[in-house]
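S.K.: What follows is a structure written as structure tokens; I'll ask about it next.
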Amino acid sequence: MKACLVGVSQEESQAVAPILHFLGIEVVLDPQQDELVDFFVVGSLVDVTQLSLPLPSIWLQAHDESDSDSTVWCCPIPWRQEQIMPILNRLAESPNMPRAQGVNLNVYVRHLESLLIRHALSSSNGVVSQAANLLQIQRTTLIEKMRRYRIDKSEF
297 MKACLVGVSQ EESQAVAPIL HFLGIEVVLD PQQDELVDFF VVGSLVDVTQ
347 LSLPLPSIWL QAHDESDSDS TVWCCPIPWR QEQIMPILNR LAESPNMPRA
397 QGVNLNVYVR HLESLLIRHA LSSSNGVVSQ AANLLQIQRT TLIEKMRRYR
447 IDKSEF
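Going left to right, the sequence shown walks through residues 297 to 452 as my numbering numbers them.
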């Protein structure tokens with residue numbers, strides 16, 4: 297899993313990043329355009345009432361739960377395992393399908409394309425030409441897409 301930290305102060309980052317790392321969640325501070333994350337961690341430097349995020353999010357500040365969405369959790373720091381684990385379990389169990397509140401189709405298609413490329417490379421043991429045949433695209437096109445998504449064939 298990957299988490300993107302948004303509007304997080306240095307103190308919040310120092311409190312949250314080690315916990316996420318311990319739980320095996322990669323922390324992304326400044327995602328690139330085609331980098332995919334599973335959820336956001338929103339800090340105190342952002343007004344959460346003005347924020348609309350396309351993915352589930354954990355807010356580090358207390359917030360009125362009356363208008364809360366099912367994909368938004370308020371979990372102020374310091375985090376305790378019994379507080380954060382149910383949230384992370386729900387995130388891990390949630391299907392990777394478009395969310396009810398809307399979807400950025402470009403991001404979703406790039407994510408799906410990246411998954412298909414990884415699966416083809418895994419099936420072909422990292423042999424790019426075989427993976428390209430499985431995907432029914434040219435080898436050079438696959439290499440271009442691998443660069444775009446930062447996929448290294450040595451991972452497979």
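Glycine is no exception: its CB is placed at the ideal position from the N, C-alpha and C atoms. No experiment lies behind these values; they were computed from the predicted model shown.
Taking buried to mean at least 16 other C-beta atoms within 10 Å of its own C-beta, is residue 341 buried or exposed?
M.R.: Residue numbering aside, residue 341 sits at position 45 when the sequence shown is read from its first letter. Classification of residue 341: exposed, given that the 10 Å Cβ count is below 16.
S.K.: Leaving out five residues on either side along the sequence, give the residues of the same chain with a beta carbon under 6 Å from the beta carbon of residue 410.
M.R.: Start at 1 with the first residue of the sequence shown, and residue 410 comes out as number 114. Here the set comprises 445.
S.K.: If you draw a straight line from the C-alpha of residue 394 to the C-alpha of residue 426, how long is it?
M.R.: Here the question's residue 394 lines up with position 98 in the sequence shown. Here the question's residue 426 lines up with position 130 in the sequence shown. Confidence in residue 394 is poor, its pLDDT being 46 and thus under 50, which makes the residue's placement too unreliable to answer from.
S.K.: CA-CA distance, residue 428 and residue 318?
M.R.: Sequence index remark: in the sequence shown, residue 428 carries index 132 (1-based). Sequence index remark: in the sequence shown, residue 318 carries index 22 (1-based). Those two C-alpha atoms are separated by around 36 Å.
S.K.: Could you check the C-alpha separation between residue 414 and residue 335 for me, to the nearest Å?
M.R.: Residue numbering aside, residue 414 sits at position 118 when the sequence shown is read from its first letter. Residue numbering aside, residue 335 sits at position 39 when the sequence shown is read from its first letter. C-alpha separation (whole angstroms): 21 Å.
S.K.: Look up residue 336 in the DSSP assignment and give the residues it is bridged to.
M.R.: Taking the first residue of the sequence shown as 1, we reach residue 336 at position 40. Answer is 300 and 353, bridged to residue 336.
S.K.: Quick check on DSSP: helix, strand or coil for residue 423?
M.R.: Here residue 423 refers to the residue found at position 127 of the sequence shown. Of the three classes helix, strand and coil, the one that applies to residue 423 here is coil, per DSSP.
S.K.: Counting C-beta neighbours from all protein chains within 10 Å, is the total for residue 353 16 or more, i.e. buried, or is it exposed?
M.R.: Here residue 353 corresponds to residue number 57 of the sequence shown, with the count starting at 1. Residue 353 comes out buried.
S.K.: How many Å lie between residue 333 and residue 323 at the Cα?
M.R.: Position 37 of the sequence shown, counting from 1, holds the residue named residue 333. Position 27 of the sequence shown, counting from 1, holds the residue named residue 323. One C-alpha to the other measures close to 9 Å.
S.K.: If we ignore side chains and look at the alpha-carbon of each, how far apart do residue 421 and residue 305 end up?
M.R.: Taking the first residue of the sequence shown as 1, we reach residue 421 at position 125. Taking the first residue of the sequence shown as 1, we reach residue 305 at position 9. Looking at the two C-alpha atoms, the distance is approximately 42 Å.
S.K.: Return the CA-CA distance between residue 438 and residue 357, expressed in angstroms with no decimal places.
M.R.: Along the sequence shown, one-based indexing puts residue 438 at 142. Along the sequence shown, one-based indexing puts residue 357 at 61. Using only the alpha carbons, I get a separation of about 43 Å.
S.K.: Just checking my contact of residue 430 with residue 419 at CB under 8 Å: how many whole Å lie between their CB atoms?
M.R.: In the sequence shown, counting from the first residue as 1, residue 430 sits at position 134. In the sequence shown, counting from the first residue as 1, residue 419 sits at position 123. With 8 Å as the limit, residue 430 and residue 419 qualify as a contact, their Cβ atoms being about 6 Å apart.
S.K.: Taking only the alpha-carbon atoms, compute the straight-line gap between residue 326 and residue 309 and give it to the nearest angstrom.
M.R.: Within the sequence shown, residue 326 is the residue found at index 30, counting from 1. Within the sequence shown, residue 309 is the residue found at index 13, counting from 1. Approximately 13 Å, taken between the alpha carbons.
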